[in-house]
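Residue numbers (my numbering), protein chains in the order written: chain A, 6 to 133; chain B, 32 to 440.
As structure tokens, the structure follows; a few thoughts come after it.
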């Protein structure tokens, strides 16, 4: 018997981890393919990041959030992870790629790391 | 001793939550105005925060997902976003008050104006955030905070009539000269000050920072069952000594220096030294707890990497947000804004947001897909539902009571 997945409850807003268990983001929105009747049939990709979340939230706040994020990212398109790269959907969504292979995912993280954190003494050392 | 150290997270969380600057003043104020007629509120708060921290700790221990991670899943995009913004601001606002609180504690010992200490406190906080391991942090501030037991010991020293005290506790009544709305107003303030959302955020995130797994469930429970009652006993101690020493003299408590007065009357300088040491450690604990919680809530909502136990460079967004929050809060504190006023606002916001924190925890703690056999038992669910009503009622009553009593006058 086919198992059904409630996308609203079991997929949206779930934590996404890469193949090494490092956080990538949240499932902020979903991309569906539509057939020639205009009916969505297939899940194509998971959309991650403030652009996707902003568009989903909508309204003035959501649009502003998506707008700022697009400006910073230099592209209108949010980070999309094709379903082929999803390894497992459970209480978290696991990918079978590393976050390092998803350059858009870690852009702000890397920039802040290089420009701010690494310049403060001790920023690269763990405390334990 | 090993037991005590093993419960350090619980003790640290509870002391930071029950003994922050707002509580230290409010407990004494309530003791001086209402005697022991509000001890029951603290008992109610201890049971409630214990029930929900146990649930949140269990969920975090088994799934490695702390509270705020789950809040979003159960709330949807819009309400979730509103909730993270409110929770972040609430933590940051409390942080401002706590930074002043540490500085006020040092002022008690040095007579140097607290505003001069605020930048120094912020600097030490930064150092602790950046370099001190999580375990050492909770042990240092949690255990030194236990010096606050001087308030409890002072009850014996002040030689009360135990029978009359027990009667006041078990038969609470509104003292003559105080109206019922005022009594209820302070009951809500105390409940909000003791059951704060950041205690749950922090404890569940701390469980993940410790790397607890299913085999540590007993440890997690032990932390909750030891920590919060200690926080409650300290709170009742402050109320009791204020009732014994300040109420007969008709002292109106408005400042931290009045909170420590009964201890000075009981033990003199030595008492003052213990109290100051305990106050500085406990409020410092609150600073760290609220600061980390502001980072935890945002990072967990947006799915960033986070944590104090990892190198800051491996959690860059989290670390930068924490530092920016610390700088912003310090600047705000230096505007000479009254920390006690801020705490009252923070307590109100906190009381209003508590149902939004508790409901998702209760739902997830019943979900077998997350917890398997470790889902809530009947007792946890019964208490959980009762407390959901209690905090919702308090949240609804907060604003009308504030207006009716003109802020407790």
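We put the CB at the ideal spot given by N, CA and C, even for glycine.
If you're wondering where the values come from, they're calculated on a predicted model, not measured in any experiment.
Leaving out the 5 sequence neighbours to the left and right, which residues in its chain are closer than 8 angstroms to residue 397/B when beta-carbon positions are compared? Position 366 of the second chain, counted from the first residue, corresponds to residue 397/B. 406, 407 and 412.
For residue 19/A, I'd like the list of residues in its chain whose CB is within less than 8 angstroms of its CB, leaving aside the five on either flank, ordered along the chain. Residue 19/A sits at position 14 when you count from the first residue of the first chain. Same-chain partners within the cutoff: 31, 32, 94, 96, 97 and 98.
Would the beta-carbon of residue 204/B fall within 8 angstroms of that of residue 68/B? Numbered from 1 along the second chain, position 173 holds the residue referred to as residue 204/B. Numbered from 1 along the second chain, position 37 holds the residue referred to as residue 68/B. For residue 204/B and residue 68/B, yes; Cβs fall inside 8 angstroms.
Anything in chain B within Cβ reach of residue 50/A, meaning under 9 angstroms, just list it in chain order. Start at 1 with the first residue of the first chain, and residue 50/A comes out as number 45. Neighbours of residue 50/A on chain B: none; closest Cβ ~16 angstroms, over 9 angstroms.
Excluding the 5 residues preceding and the 5 following residue 55/B in the sequence, name in chain order all residues of the same chain whose CB lies nearer than 8 angstroms to its CB. Mapped onto the second chain, residue 55/B falls at position 24. Closer than 8 angstroms at Cβ, skipping near neighbours: 132, 269, 287, 290, 310, 313 and 314.
At a Cβ threshold of 8 angstroms, is residue 94/A touching chain B? The sequence position of residue 94/A within the first chain is 89, counting from 1. Judged by the 8 angstroms Cβ criterion, residue 94/A is not in contact with chain B.
First and last residue of the alpha helix (DSSP H) that includes residue 270/B? Locating residue 270/B in the second chain gives position 239, where the first residue counts as 1. It spans 248–276 - the alpha helix (DSSP H) in which residue 270/B sits, taken as one unbroken run.
As a quick exercise: from 332/B, 350/B and 331/B, pick the residue whose alpha carbon is nearest that of residue 339/B. Along the second chain, read from residue 1 onward, the residue named residue 339/B stands at position 308. Residue 339/B has its Cα closest to that of 350/B, out of 332/B, 350/B and 331/B.
Check each candidate in 240/B, 365/B, 274/B and 322/B and name the one with the smallest Cα separation from residue 183/B. Indexing the second chain from 1 puts residue 183/B at position 152. For residue 183/B, the nearest C-alpha among the options comes from 274/B.
Beta carbon of residue 292/B nearer than 8 angstroms to that of residue 308/B: Residue mapping note: residue 292/B aligns to position 261 of the second chain, counting from 1. Residue mapping note: residue 308/B aligns to position 277 of the second chain, counting from 1. It is not a contact, given that the beta carbons lie outside the stated cut-off.
Give me the Cβ distance between residue 78/A and residue 106/A, rounded to the nearest whole Å; I'm assuming they're in contact under 8 angstroms. Within the first chain, numbered from 1, the residue matching residue 78/A stands at position 73. Within the first chain, numbered from 1, the residue matching residue 106/A stands at position 101. With 8 angstroms as the limit, residue 78/A and residue 106/A do not qualify as a contact, their Cβ atoms being about 18 angstroms apart.
Rounded Cβ spacing between residue 376/B and residue 124/B (contact assumed at less than 8 angstroms): In the second chain, counting from the first residue as 1, residue 376/B sits at position 345. In the second chain, counting from the first residue as 1, residue 124/B sits at position 93. Indeed, because the Cβ distance is near 7 angstroms, the residues count as touching under 8 angstroms.
8 angstroms contact criterion, which residue 63/B and residue 295/B should meet: CB distance rounded: Position 32 of the second chain holds residue 63/B. Position 264 of the second chain holds residue 295/B. So it is not a contact: roughly 15 angstroms between Cβ atoms.
Within this structure, are the beta carbons of residue 122/A and residue 347/B separated by less than 8 angstroms? The residue given as residue 122/A occupies position 117 in the first chain. The residue given as residue 347/B occupies position 316 in the second chain. Yes, the pair counts as a contact, with Cβ atoms nearer than the cut-off.
Are residue 87/A and residue 49/A touching if we call contact CB-CB under 8 angstroms? In the first chain, counting from the first residue as 1, residue 87/A sits at position 82. In the first chain, counting from the first residue as 1, residue 49/A sits at position 44. Taking 8 angstroms as the Cβ cut-off, residue 87/A and residue 49/A qualify as a contacting pair.
Does residue 24/A have its Cβ less than 8 angstroms from a Cβ in chain B? In the first chain, the residue the question calls residue 24/A occupies position 19. Output row for residue 24/A: interface = no.
For residue 40/A, count neighbouring C-beta atoms within 10 Å of its own C-beta (all shown protein chains included) and say buried if the count is 16 or more, exposed if not. Residue mapping note: residue 40/A aligns to position 35 of the first chain, counting from 1. Exposed, by the Cβ-count rule.
Would you please state the rounded distance, in angstroms, between the beta carbons of residue 317/B and residue 85/B? I believe it to be under 8 angstroms. If you number the second chain from 1, residue 317/B lands on position 286. If you number the second chain from 1, residue 85/B lands on position 54. Incorrect: roughly 21 angstroms between the Cβ atoms, too far for contact.
Apart from the five residues on each side of it in sequence, which residues of its chain come closer than 7 angstroms, Cβ to Cβ, to residue 103/A? Locating residue 103/A in the first chain gives position 98, counting from the first residue. Counting only Cβ-Cβ distances below 7 angstroms, and skipping sequence neighbours, we find 23, 24 and 25.
Does the beta-carbon distance from residue 73/B to residue 208/B come in below 8 angstroms? Position 42 of the second chain holds residue 73/B. Position 177 of the second chain holds residue 208/B. Result no, Cβ atoms of residue 73/B and residue 208/B do not sit closer than 8 angstroms.
Chain B beta carbons: is any one of them nearer than 8 angstroms to that of residue 83/A? On the first chain, residue 83/A is found 78 positions in, with the first residue counted as 1. Closer than 8 angstroms: no.
Along the chain, which unbroken stretches of the alpha helix (DSSP H) at least 4 residues long are found entirely within the region 278–322 of chain B? 287–290
Using only the alpha-carbon positions, how far apart do residue 187/B and residue 58/B sit? Translated into positions along the second chain, residue 187/B becomes position 156. Translated into positions along the second chain, residue 58/B becomes position 27. Rounded to whole angstroms, residue 187/B to residue 58/B spans 18 angstroms at the Cα level.
Just to confirm before moving on: does the CB-CB distance between residue 80/B and residue 250/B stay below 8 angstroms? For this step, residue 80/B is matched to residue 49 along the second chain. For this step, residue 250/B is matched to residue 219 along the second chain. Not in contact: residue 80/B and residue 250/B (Cβ atoms no closer than 8 angstroms).
Counted within 10 angstroms of its Cβ, other Cβ atoms place residue 173/B as buried (16 or more) or exposed: Translated into the one-based positions of the second chain, residue 173/B becomes position 142. Label assigned to residue 173/B: buried.
For residue 124/A, which of helix, strand or coil comes out of DSSP? Taking the first chain and counting its residues from 1, one reaches residue 124/A at position 119. In the structure shown, residue 124/A sits in a helix (DSSP, three-state: H, G or I).
Thinking C-beta only, is residue 325/B closer than 8 angstroms to residue 356/B? In the second chain, residue 356/B corresponds to position 325, counting from 1. In the second chain, residue 325/B corresponds to position 294, counting from 1. The answer is yes: Cβ separation under 8 angstroms.
Chain A beta carbons: is any one of them nearer than 8 angstroms to that of residue 112/B? Counted from its first residue, the second chain places residue 112/B at position 81. Yes, its Cβ sits closer than 8 angstroms to a Cβ of chain A.
The alpha helix (DSSP H) spanning residue 101/A covers which residue range? In the first chain, residue 101/A corresponds to position 96, counting from 1. Where residue 101/A is concerned, there is no enclosing alpha helix (DSSP H), given that its DSSP letter is neither H nor E.
Nearest to residue 51/B by CA position, among 152/B, 374/B, 299/B and 248/B, is which residue? As a first step, residue 51/B is located in the second chain; it is residue number 20 there, counting from the start. It is 374/B whose Cα lies nearest to the Cα of residue 51/B.
Contact set between residue 131/A and chain B, taken where Cβ atoms lie within less than 8 angstroms: What you label residue 131/A is simply residue 126 of the first chain in a count that begins at 1. 340, 341, 342 and 345, listed in chain order.
Where does the unbroken beta strand (DSSP E) through residue 48/A begin, and where does it stop? Taking the first chain and counting its residues from 1, one reaches residue 48/A at position 43. Where residue 48/A is concerned, the enclosing beta strand (DSSP E) stretches over 45–53.
Rounded C-alpha distance that separates residue 438/B from residue 230/B: Mapped onto the second chain, residue 438/B falls at position 407. Mapped onto the second chain, residue 230/B falls at position 199. Going from the Cα of residue 438/B to the Cα of residue 230/B covers about 25 angstroms.
Should the region 380–395 of chain B be called in touch with the region 97–106 of chain B, which here means at least 3 C-beta pairs below 8 angstroms? yes
By the criterion of Cβ-Cβ separation under 8 angstroms, what are the contact partners of residue 150/B in chain A? Locating residue 150/B in the second chain gives position 119, counting from the first residue. Chain A residues near residue 150/B: none, gap ~17 angstroms exceeds 8 angstroms.
Interface flag, residue 30/A vs chain B, CB-CB below 8 angstroms: The residue given as residue 30/A occupies position 25 in the first chain. Yes, because at least one Cβ of chain B sits closer than 8 angstroms to the Cβ of residue 30/A.
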